[in-house]
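**Student:**
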Amino acid sequence: MQGGLIPKVLSLTQHEDVCLKTSAVVFLDTILKLNDKQVMDYLVEENIIRPLVDVVIAYERTEGQ
């Protein structure tokens, strides 16, 4: 993926603003729903899924109670 857009959006998940975090997760969810093999390979090779899972787990621990 040229331009590194996905890692830049993923970095928004570390922001303090809940709206930015939510928007980043929604964007990445949309990317995952594309079900494109090239995109999936990129996400796996660049280890992008793990930080997203960490954000979701952290959210569940703090907000999901």
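Just so we're aligned, residue 742 is where the sequence shown starts under our numbering, counting upward by one.
Every residue gets a Cβ at the ideal spot worked out from N, C-alpha and C, and that includes glycine.
Small disclaimer: the values here were computed from a predicted structure and weren't measured.
So, at 8 Å on beta carbons, what are the nonlocal neighbours of I772 in its own chain, with the 5 sequence-adjacent residues on each side left out?
**Tutor:** Answer for I772: I747, V780, L784, listed in chain order.
**Student:** Using the Cα positions of A765 and T803, report the straight-line distance between them to the nearest angstrom.
**Tutor:** So the alpha carbons of these two residues sit roughly 18 Å apart.
**Student:** Cutting at 7 Å between CB atoms, please list the residues of its own chain near F768, excluding the five before and the five after it.
**Tutor:** Hits under 7 Å: V750.
**Student:** In angstroms, rounded to a whole number, what distance separates the CA positions of E757 and V796?
**Tutor:** Their Cα atoms are separated by approximately 12 Å.
**Student:** Helix, strand or coil for D782, going by three-state DSSP, please let me know.
**Tutor:** DSSP places D782 in helix when its eight states are reduced to three.
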